[in-house]
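Taken in sequence, the protein lines are chains A and B. The numbering used here numbers the first residue of the first sequence as 15 and each following residue consecutively. The numbering used here numbers the first residue of the second sequence as 304 and each following residue consecutively. Backbone N, C-alpha and C define an ideal beta-carbon position, used for all residues, glycine too. Keep in mind it's a predicted model, so treat the numbers as computed, not measured. Note sheet for the following structure.
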Amino acid sequence: MLIQLFVTFFLVGLVSFGGGYAMIPLIQEEVLNRHQWMSADQLSDIVAVAGMAPGPIATNIAVAVGHHQAGWLGATVAPIAVVLPSLILILAVGKVFQRLRDHSLMKSSFYGLRPVVAGMIAYAAVTFAQNAGMFGRLSWFAWSQIGIFAGSLIALFFLHKHPVSVIVLSGLVGIALYS
Amino acid sequence: MNEKWKRLSGIFLTFLKMGPLTFGGGYALIPAIEKEVVDGKRWLRSEEIADVFAVSGSVPGAVAVNSATFIGYRIAGVPGAIAALLGIVLPTFCVMAILTVFYVQLKDNPKIESAFTAIRATVVALIAYSAIKIGRTAIVDFATGALAVIAALLLFFGHLHPLLVIVIGAAAGVAIVKIREFRGRTPTEKTPKPQENEPVYDYMI
C-alpha cells in the first residue's frame, strides 16, 4: 500500500506543471479509477479540505489521501513522494536549467503542454460537477448546486475572493439549505 | 561541523517562518523570500534570486517550494536543499494534518455533511477557475485552443490516461512549431515567452 501511494504521488509530483489544480485529473484517474481508494464524494471533500490549508494543493491532497489509505505513515509518505520529483530535478538540472529553459524544443513542448493541461483541468471540473449532482434531472437540488457553483465562480473570478472564504461561505449556505 | 549545522538550522528556520505565508499564493511568497534571503540574511544577490525564481517556475511543483529548495541548494548544497524544503513544507503539513483529523472526526455530523454537499459545488468552481486562469495564458492562438479542446475530449470520450495526454500535448507542441518552421514562419512568433506564463503558477501554492 505504501509503495502504491508513493508511486502514485511521485507521478503526481512529476507532472504537476502549471497550477495547483493541474494534477487533479491525474489524482482522479489514479485514486478513483485505477486503485479505487475512495468514492468521488470523498475525493471532492479532500480537495475542499486541501484548499482550506495553506501550501500547495497537491501536497495537501497527498496528506489527506495518504492518511485515508495508510494512517499517519501514509500521510507522511505521500507528500514526500509529491515533492521528491521537484527536489531531484532542481538538484540535477538546477545549474543548467536556465539554458535548457530557453532551448527551442523545451519552449515548443511547453507551448503544447500548457493548453493540454488547461483542457485536462476543464475535464476534471466536468467530472466533479457530475459528482456534485449538477447534471442530474433538473430537480431543486441540481439547481441549488448550479447556483452555488455559479456564485462561487463569480466570487473567485470577479470579486477576487480568497478560496478559503468562498469555501467557508459555501459551507454555511449548505448548512442553511440542506439540513 | 558545528558551523555547518548552524547554517542548516538557519535555513530551516527561515523557511519555516515563511510556511504559513503560503496562504496568500505562491507569488505572494516571492517578495517575502526575496526580502529575507537578499536583504535580511544576505545569502544571495538580487540577480541570483531572479534566476532562482525563473527556474522554480519551470520545474514541476509549487513555485514557492521549488524556490526554497533551490535557494537552500545554492547556500549549502544538498543538505541545504533538504533543510529548506522541510522548513517550508512542515507548517503546511501540520495544518493539513490537523484539518484531516477534524474532517475525519466531523464528516458524519449531519450539519457538516450538508456543508460539504454545498462545498462540492464550490470545488467545481475552484477547479473551473483554475482551468480558466491557465487557459488564458496557455491558449494564445487557434492551435493551442484546439489542443485544449482535444485534450478534454480525449479524456472524456477516449478515457486516455492523463499522463499520456500530457505527453501527447508536449509532442504536439513540438510538431506544430516544427511545421511552422518548415512553412517559413518564425517559431518565436507564436511561442509565448516563459516569463509571460509565470502568473499561471500563482494559484499553485
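Spatial neighbours of residue i in its chain, beta-carbon cut-off 7 Å, leaving aside the 5 residues before and after
i: Ala54(A); result: Leu46 and Asn145
i: Phe356(B); result: Ile333 and Ser370
i: Gly383(B); result: Leu311, Ile314, Gly375 and Tyr376
i: Ile162(A); result: Ser184 and Val187
i: Val358(B); result: Phe373
i: Met66(A); result: Val178 and Ile181
i: Ser100(A); result: Gly27
Close-in-space but distant-in-sequence residues of the same chain around residue i (CB under 6 Å, 5 per side omitted)
i: Ala386(B); result: Leu311, Ile314, Phe315 and Gly375
i: Thr216(A); result: Outside the modelled stretch of chain A, which goes from 15 to 193, sits residue 216(A), for which no answer is possible.
i: Gly448(B); result: Ile442
i: Ala76(A); result: Phe23, Ala92, Pro93 and Val96
For residue i, the first and last residue of its enclosing alpha helix (DSSP H)
i: Pro99(A); result: Ile71 to Val107
i: Glu351(B); result: Ser349 to Ser361
i: Ala139(A); result: Ser118 to Asn145
i: Asn305(B); result: Asn305 to Met321
i: Ser58(A); result: Ala54 to Met66
i: Ala156(A); result: Trp154 to Phe171
i: Gly472(B); result: Pro465 to Phe485
i: Gly188(A); result: Pro177 to Tyr192
i: Gly27(A); result: Leu16 to Leu28
i: Leu46(A); result: Careful: Leu46(A) lies outside any alpha helix (DSSP H) and carries neither H nor E.
Residues near residue i by beta carbon distance below 8 Å, same chain, minus five either side
i: Phe149(A); result: Ala143 and Ala156
i: Ser58(A); result: Phe142, Asn145 and Ala146
i: Ile17(A); result: none
i: Leu458(B); result: Pro465 and Val468
i: Leu19(A); result: Val79, Gly80, Gln83, Ala84, Gly88, Val91, Ala92 and Ala95
i: Val341(B); result: Leu347, Arg348, Ser349 and Ile352
i: Gly327(B); result: Residue confidence for Gly327(B) is low, a pLDDT of 49 falling below 50, so the modelled location carries little weight and cannot support an answer.
i: Gly438(B); result: Ala451
i: Pro497(B); result: Confidence at Pro497(B) is low in this model, with a pLDDT of 44, below 50, so the placement of that residue is unreliable and no value is reported for it.
i: Leu25(A); result: Leu40 and Glu44
Where residue i meets chain D, residues with beta-carbon distance less than 7 Å
i: Ala146(A); result: The chain labelled as chain D is not found among the protein chains of the depicted structure, namely A and B.
_Three or more C-beta pairs below 8 Å linking the stretch 132 to 145 of chain A and the stretch 446 to 466 of chain B_ = yes
Which ranges does the alpha helix (DSSP H) cover as unbroken runs of at least 4 residues, wholly within the stretch 366 to 446 of chain B, from first to last along the chain? 366 to 409 and 413 to 441
With 9 Å as the C-beta to C-beta threshold (strictly closer), list the residues of the stretch 406 to 418 of chain B near chain A in chain order.
-> Tyr406, Val407, Lys410, Pro413, Lys414, Ile415, Glu416, Ser417 and Ala418
Are three or more beta carbon pairs between the stretch 417 to 437 of chain B and the stretch 159 to 178 of chain A nearer than 8 Å? yes
Interface positions of the stretch 116 to 129 of chain A facing chain B (Cβ-Cβ less than 9 Å), listed along the chain: Asp116, Ser118, Leu119, Met120, Lys121, Ser122, Ser123, Phe124, Tyr125, Gly126, Leu127, Arg128 and Pro129
query = Does the count of Cβ pairs from the stretch 160 to 169 of chain A and the stretch 437 to 444 of chain B closer than 8 Å reach three?
reply = no
task: Take every Cβ of the stretch 86 to 97 of chain A, pair it with every Cβ of the stretch 415 to 425 of chain B, and state whether three or more of those distances are shorter than 8 Å.
output: Taking a cut-off of 8 Å for Cβ pairs, the stretch 86 to 97 of chain A and the stretch 415 to 425 of chain B do not touch, as fewer than three such pairs fall below it.
(Q) Any C-beta of chain B within less than 7 Å: which residues of the stretch 77 to 107 of chain A qualify? (A) Val77, Ala78, His81, Ala89, Pro93, Val97, Pro99, Ser100, Leu101, Leu103, Ile104 and Leu105
Taking 8 Å as the cut-off, does the stretch 357 to 364 of chain B touch the stretch 15 to 30 of chain A (at least 3 CB pairs, one atom from each stretch)?
Counting Cβ pairs under 8 Å, three or more are found: they touch.
Handout entry: Contact set between the stretch 446 to 468 of chain B and chain A, restricted to residues whose Cβ is under 9 Å from the partner
Key = Ala446, Thr447, Gly448, Ala449, Leu450, Ala451, Val452, Ile453, Ala454, Ala455, Leu456, Leu457, Leu458, Phe459, His462, His464, Pro465, Leu466 and Val468
Item to complete: Select from the stretch 331 to 344 of chain B all residues with a C-beta closer than 7 Å to any C-beta belonging to chain A, and list them in chain order.
Response: none
Check whether the stretch 91 to 104 of chain A touches the stretch 404 to 419 of chain B, taking contact to mean three or more Cβ pairs, one atom from each stretch, closer than 8 Å.
no
Closer than 9 Å between beta carbons: that is the criterion. Which residues of the stretch 129 to 142 of chain A meet it against chain B? Pro129, Val130, Val131, Ala132, Gly133, Met134, Ile135, Ala136, Tyr137, Ala138, Ala139, Val140, Thr141 and Phe142
- Listed from N- to C-terminal order along the chain, which residues in the stretch 364 to 388 of chain B have their beta-carbon within a distance smaller than 7 Å of any beta-carbon of chain A? Residues passing the 7 Å Cβ filter: Gly364, Ala365, Val368, Asn369, Thr372, Phe373, Tyr376, Val381, Ala384 and Leu388.
message: Counting only Cβ-Cβ distances shorter than 9 Å, please list the residues of the stretch 21 to 40 of chain A near chain B, keeping chain order.
response: Leu25, Gly27, Leu28, Val29, Ser30, Phe31, Gly32, Gly33, Gly34, Tyr35, Ala36, Met37, Ile38, Pro39 and Leu40
Residues of the stretch 427 to 444 of chain B with a CB closer than 9 Å to any CB of chain A: list them in chain order, please. Val427, Ala428, Leu429, Ile430, Ala431, Tyr432, Ser433, Ala434, Ile435, Lys436, Ile437, Gly438, Arg439, Thr440, Ala441, Ile442 and Val443
* To do: Could you please tell me which residues of the stretch 157 to 183 of chain A, in chain order, have their CB closer than 7 Å to any CB of chain B?
  => Gln159, Ile162, Phe163, Ser166, Leu167, Leu170, Phe171, Pro177, Val180 and Ile181
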